[in-house]
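Numbering (our numbering), first residue to last: 2 to 231. C-beta: ideal position from N, C-alpha, C; glycine also. Report on one structure; see the data block that follows.
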Amino acid sequence: MTGTSVLDDIELIIEDISGKGGGKPPSRHGDDHGDGGGNQGGEGKREPHRSNPKKYSTAIALAMLSILMFFMVLAAAFLVLRVENVRHWTGIRIPWILWINTVVLLVSSATLEVARRRLQVDNLGAFRKMWALTTLLGAIFVAGQVIAWKQLAAQGMYVNSQLASSFFYVFTAVHAVHLSGGICALLYVGLRKFETARITRAAAAEVASYYWHFMNGLWLFLLALLYFGR
2 MTGTSVLDDI ELIIEDISGK GGGKPPSRHG DDHGDGGGNQ GGEGKREPHR SNPKKYSTAI
62 ALAMLSILMF FMVLAAAFLV LRVENVRHWT GIRIPWILWI NTVVLLVSSA TLEVARRRLQ
122 VDNLGAFRKM WALTTLLGAI FVAGQVIAWK QLAAQGMYVN SQLASSFFYV FTAVHAVHLS
182 GGICALLYVG LRKFETARIT RAAAAEVASY YWHFMNGLWL FLLALLYFGR
């Protein structure tokens, strides 16, 4: 921001006047490989202004809260209709691939945490590999959901076939859309160059992990609801 830039310039001028040297100011928590030190002549690359990570955490928390409220409304509608139509309710067979999808999603949470720990010890290469694996597992989960829809369609169950199938498609499709947003966040963290970003890679990875674990927990809730609500 302009105000911060002016303050930095004033700080440099004061240092020059006081004879403390013309080098660049100390790094504020460098990221990735840093800038490799200053250039010859004492003119180093200036560190970008970093935003407070708390505002990103707050934003993702509000987003998760709104998503949770939306799914709670859907779940309440499901339970009410299930109770009101208990005598005429026709359940559906849960496609077998959903269990495989669930394992894939749980493993992705584990690989994400491994990736974050590699980042904490400045092992960027290992971080990238585990983070990419997490992203791939997320994509496999979404592809598996598409297969589940095809399996259900093979049983003659479509969105408008009955209440149970309608809720199945709505729950799984809306969750897949939101999880795809999480995949985009993973791609951003994995591919972004953070040397000039307003947030460090570690902070971005932490915020992305909140959303990813939340979507995994939400999926377990939806799966239990569909299974026991048959």
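Cα separation between V105 and F71? For the purposes of this step, residue 105 is taken as residue 104 along the sequence shown, with counting starting at 1. For the purposes of this step, residue 71 is taken as residue 70 along the sequence shown, with counting starting at 1. If you take the alpha carbons of V105 and F71, they lie about 25 Å apart.
Considering only C-alpha positions, which residue in the set N53, E85, A165, T135 is nearest to I184? Taking the first residue of the sequence shown as 1, we reach residue 184 at position 183. Nearest option by C-alpha distance: T135.
Can you find the residues in the same chain that come closer than 7 Å, C-beta to C-beta, to P96, ignoring five residues on each side of it along the sequence? By 1-based counting over the sequence shown, the position of residue 96 is 95. Excluding positions up to five away in sequence, the list reads A149, Q152, L153.
I'd like the ranges of any alpha helix (DSSP H) spanning at least 4 consecutive residues and lying wholly in the region 74-128. 98-121
In the structure shown, what three-state DSSP assignment does Q152 receive? Indexing the sequence shown from 1 puts residue 152 at position 151. It is helical.
Which residues bound the alpha helix (DSSP H) around G183? Taking the first residue of the sequence shown as 1, we reach residue 183 at position 182. Unbroken alpha helix (DSSP H) run through G183: 164-192.
If L120 and R202 are in contact, beta carbons under 8 Å, what's the gap, nearest whole angstrom? Position 119 of the sequence shown, counted from the first residue, corresponds to residue 120. Position 201 of the sequence shown, counted from the first residue, corresponds to residue 202. About 7 Å; that satisfies the 8 Å criterion.
Beta carbon of L219 nearer than 8 Å to that of L164: The count along the sequence shown starts at 1 and reaches residue 219 at position 218. The count along the sequence shown starts at 1 and reaches residue 164 at position 163. It is not a contact, given that the beta carbons lie outside the stated cut-off.
A205: first and last residue of the uninterrupted alpha helix (DSSP H) it sits in: On the sequence shown, position 204 is the one that residue 205 refers to. Looking at the DSSP string, the run of the alpha helix (DSSP H) that includes A205 is 202-229.
So R118 and A206 are supposed to be a Cβ contact under 8 Å. How far apart are they, rounded? Residue mapping note: residue 118 aligns to position 117 of the sequence shown, counting from 1. Residue mapping note: residue 206 aligns to position 205 of the sequence shown, counting from 1. Wrong, their Cβ atoms sit about 10 Å apart, outside the cutoff.
Simplified DSSP state of G157, which is helix, strand or coil: Taking the sequence shown and counting its residues from 1, the one referred to as residue 157 is at position 156. DSSP places G157 in coil when its eight states are reduced to three.
Return yes when the Cβ of Y211 is within less than 8 Å of the Cβ of I101, no when it is not. Taking the first residue of the sequence shown as 1, we reach residue 101 at position 100. Taking the first residue of the sequence shown as 1, we reach residue 211 at position 210. Going by C-beta atoms, I101 is not nearer than 8 Å to Y211.
Is any non-hydrogen atom of the ligand MG found closer than 7 Å to the C-beta of A165, if you look at the structure I gave you? For the structure depicted, the ligand MG is absent and the ligand set is empty, with no information on it obtainable.
By a C-beta neighbour count over all protein chains shown, 10 Å radius and 16 as the cutoff for buried, is H89 buried or exposed? The residue you call residue 89 lines up with position 88 of the sequence shown. Exposed.
Going by beta-carbon coordinates alone, are F168 and F222 separated by less than 8 Å? The count along the sequence shown starts at 1 and reaches residue 168 at position 167. The count along the sequence shown starts at 1 and reaches residue 222 at position 221. Contact flag unset, no.
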